[in-house]
Every structure is written in C-alpha cells, then in structure tokens.
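Following: one structure in structure tokens, then a few remarks.
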Amino acid sequence: MQPVPLDSSVYIAVMRRGKQDSMTSIRRLGQDAPLWLSAVVLEELYSGARGKALRAVERLDRDFSKIGPLLVPTQSDWRETGRLLSELGQRYGYETVGRARLTNDALIAMSARRVGITVLTWNRRDFARLAEIRVFKWQLAEETGEG
Numbered sequence: 071m072q073p074v075p076l077d078s079s080v081y082i083a084v085m086r087r088g089k090q091d092s093m094t095s096i097r098r099l100g101q102d103a104p105l106w107l108s109a110v111v112l113e114e115l116y117s118g119a120r121g122k123a124l125r126a127v128e129r130l131d132r133d134f135s136k137i138g139p140l141l142v143p144t145q146s147d148w149r150e151t152g153r154l155l156s157e158l159g160q161r162y163g164y165e166t167v168g169r170a171r172l173t174n175d176a177l178i179a180m181s182a183r184r185v186g187i188t189v190l191t192w193n194r195r196d197f198a199r200l201a202e203i204r205v206f207k208w209q210l211a212e213e214t215g216e217g
C-alpha cells in the first residue's frame, strides 16, 4: 500500500476532538496506509499549538520519529512551489498575501508530487485550486465516525 502524508487540517481536526489516542484515529483516516509526516505540516502544527495541543504535537513528533519517514521539501519542491504560486497569481489575480497563505499547502503538494504519493486533506478549496495549475495526487480524508 502506498504511503500517504496528511495535511495539517486533518491533524488539527483529530486533535480538536480530544481523542486519547490521536494516532489511532489518524491511522484510520489513512486507511491503514503507511503514514508520512510532512516537515511543513509539523511546522504548521508547532506554530499554532499551545498547552495541551503543544503536548499533542510533541507526542506526534516523537511517534513519527520512531515509525515513519519525514517528507522534507527539496530545492526543486521550493522552485515548483514558487512557479505554481506565480501561475496561480497570474490566473486569479491573487495579492501577495493570498499566495503566501497557500505556500505551505503548495510545498506539501509539490513534495508529495515528487515522490508520487497522495496527500489526504480536509482542505478541498486550496488543494483543488493548486491542482488546477500542477498535477499532483490528493483526496479528501474520510470521516472515521469517531467524532
């Protein structure tokens, strides 16, 4: 089974539910595929975490350092992200702030594209828009019925 990275929208939703074993819930969303953690997602989670949420992110970080690879953007991923955001801005007239807001999602998408894996997300709007410009695999994460 092909590995999948999850977008931060998925981790945040699971953590907000306050499940004791967030990793079990997260694995179910990945339909038991091997999970990869994007370095970009890790940064996003740390940057918004406080208190209990910070401890959950630290636990996630530790768990992934034991079980799975970290998907880290390369120079080519950054380059493709810049080109993608430029084309998006030209097509839709995004202001710099609009493109900056999409930078992390674009980095996740271009990193996953490079290694040929599918990003699972609950952020349909942004990933669909990015996929209009660059082909990459993504899909909406399915609910587990645990919420």
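Heads up, the sequence shown stops at 217 in the working numbering, and the numbers go up one at a time, no gaps. Using N, Cα and C, we set each Cβ at its ideal position, and we do this for glycine too. As the structure is a prediction and not an experimental result, all values here were calculated from the model.
From residue i to residue j, what distance separates their C-alpha atoms?
{"i": "Ala83", "j": "Tyr116", "result": "15 Å"}
{"i": "Asn193", "j": "Ser135", "result": "25 Å"}
{"i": "Arg199", "j": "Arg149", "result": "18 Å"}
{"i": "Leu154", "j": "Asn174", "result": "12 Å"}
{"i": "Phe206", "j": "Phe197", "result": "9 Å"}
{"i": "Thr151", "j": "Gly163", "result": "17 Å"}
{"i": "Gly168", "j": "Val110", "result": "18 Å"}
{"i": "Arg129", "j": "Leu112", "result": "11 Å"}
{"i": "Leu228", "j": "Ala201", "result": "Outside the modelled stretch of the chain, which goes from 71 to 217, sits residue 228, for which no answer is possible."}
{"i": "Glu165", "j": "Gly159", "result": "7 Å"}
{"i": "Arg195", "j": "Met180", "result": "17 Å"}
{"i": "Asp133", "j": "Ala170", "result": "30 Å"}
Among residues of its own chain, excluding the 5 on either side of residue i, which ones have a beta-carbon nearer than 7 Å to its beta-carbon?
{"i": "Leu190", "result": "Val74, Leu76, Asp77, Val80, Leu99, Gly100, Gln209, Ala211"}
{"i": "Leu127", "result": "Checking the sequence, you will find Val at residue 127 rather than Leu. Once the five neighbours on either side are set aside, the close Cβ partners of Val127 are Leu115, Tyr116, Ala119."}
{"i": "Gly215", "result": "Confidence at Gly215 is low in this model, with a pLDDT of 37, below 50, so its placement is unreliable and the value that follows should be read with caution. If we look at Gly215 and ignore the five residues flanking it on each side, it has no Cβ neighbours."}
{"i": "Gln145", "result": "none"}
{"i": "Glu157", "result": "Ile203"}
{"i": "Ala176", "result": "Thr151, Leu154, Leu155, Leu200"}
{"i": "Asp147", "result": "Leu177, Met180, Ser181, Arg184"}
{"i": "Asp131", "result": "Leu112"}
{"i": "Gly121", "result": "none"}
Assuming residue i contacts residue j under a Cβ cut-off of 8 Å, what Cβ separation, rounded to an integer in Å, is found between them?
{"i": "Ser108", "j": "Ile203", "result": "Actually they do not touch by this definition, with Cβ atoms about 19 Å apart."}
DSSP puts residue i in a beta bridge; with which residues?
{"i": "Pro75", "result": "Trp106"}
{"i": "Trp208", "result": "Val189"}
{"i": "Leu140", "result": "Leu107"}
With a threshold of 7 Å between beta carbons, is residue i in contact with chain D?
{"i": "Val185", "result": "This model lacks chain D altogether; it includes just one protein chain."}
Skipping 5 residues on each side, what residues in its chain have a beta carbon closer than 6 Å to that of residue i?
{"i": "Trp106", "result": "Pro73, Pro75, Gly138, Pro139, Leu141"}
{"i": "Met71", "result": "Ala103"}
What residues in its chain sit with their C-beta under 8 Å from that of residue i, if we drop five residues either side in the sequence?
{"i": "Thr188", "result": "Gln72, Val74, Ala182, Lys207, Trp208, Gln209"}
For this session: Determine, using beta-carbon pairs with one atom in the segment 180-190 and one in the segment 123-142, whether at least three such pairs fall under 8 Å.
Result: yes
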